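This note's numbering puts the first residue of the sequence shown at 1, with every later residue one more than the last.
Every residue, glycine too, gets a C-beta built ideally from N, C-alpha and C.
The model shown is predicted, which means the values in this text are computed figures rather than measured ones.
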Amino acid sequence: MPQLDDLTYGTQVFWLVITFAVLLILMWTIALPRIGRVLEQRRRHIDDDLADAEKFKKESEEAIKSYEASLSEARSKAHQLLAETQAKLDEQASDQRARLDAELAEKQAEAEARIREARQQALSSVREVAAEAARAATNRLIGVEPSQAAADAAVDKKG
Numbered sequence: 001m002p003q004l005d006d007l008t009y010g011t012q013v014f015w016l017v018i019t020f021a022v023l024l025i026l027m028w029t030i031a032l033p034r035i036g037r038v039l040e041q042r043r044r045h046i047d048d049d050l051a052d053a054e055k056f057k058k059e060s061e062e063a064i065k066s067y068e069a070s071l072s073e074a075r076s077k078a079h080q081l082l083a084e085t086q087a088k089l090d091e092q093a094s095d096q097r098a099r100l101d102a103e104l105a106e107k108q109a110e111a112e113a114r115i116r117e118a119r120q121q122a123l124s125s126v127r128e129v130a131a132e133a134a135r136a137a138t139n140r141l142i143g144v145e146p147s148q149a150a151a152d153a154a155v156d157k158k159g
């Protein structure tokens, strides 16, 4: 095998060193800077993405806080409006109840007055009917017709 020949070791080592030096120089000047630039770009891109993510996270947290504050304020206003409406309705119901109570009391007083009047009329009518019945009964029983005054006096007489 020619690779293991002792006579060619020197030239093989020489070309190995030359080739290694050329490859090292090429890597050092061309490939490694490109790889470094790519790695630096990736690092910057990742850092920018992380910064954007942090910014978006803060913005979303602020939006959530703003939403929660708005929601809390809306709930507070709704409860306040509900309480005001309930108070107004209670006041209206109380006013209407008082008005209806007054109307009922007035109607009750009117009804009681009508009942008293009807009672008085009925009593006077009963008195007249009783006096007339007494006159008719006396006329039929004893054949004498008493005067209206005598019949009224007999009806008015108690016991």
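query: Rounded C-alpha distance that separates arginine 135 from glutamine 148; result: 8 angstroms
query: Counted within 10 angstroms of its Cβ, other Cβ atoms place glycine 159 as buried (16 or more) or exposed; result: Note that glycine 159 scores 49 on pLDDT, short of 50, meaning its location in the model is unreliable; the coordinates nonetheless yield the value given after this. The residue in question, glycine 159, is exposed, as its Cβ has fewer than 16 Cβ neighbours within 10 Å.
query: Inter-residue CB distance, valine 129 and threonine 138 (contact presumed, cutoff 8 angstroms); result: About 15 angstroms separates the two Cβ atoms, so there is no contact after all.
query: 6 angstroms CB neighbourhood of glutamine 12 in its chain, flanking five on each side removed; result: none
query: Run of the alpha helix (DSSP H) containing isoleucine 30, from where it starts to where it stops; result: Where isoleucine 30 is concerned, there is no enclosing alpha helix (DSSP H), given that its DSSP letter is neither H nor E.
query: Where glycine 10 sits in the DSSP three-state scheme; result: helix
query: Span separating the alpha-carbon of lysine 88 from that of serine 72; result: 24 angstroms
query: Chain-order list of residues whose beta-carbon lies under 8 angstroms from that of valine 155 (same chain, five-residue window excluded); result: Arg127, Ala130, Ala131 and Ala134
query: Local Cβ density within 10 Å of alanine 151, reported as buried at 16 or more and exposed below that; result: buried
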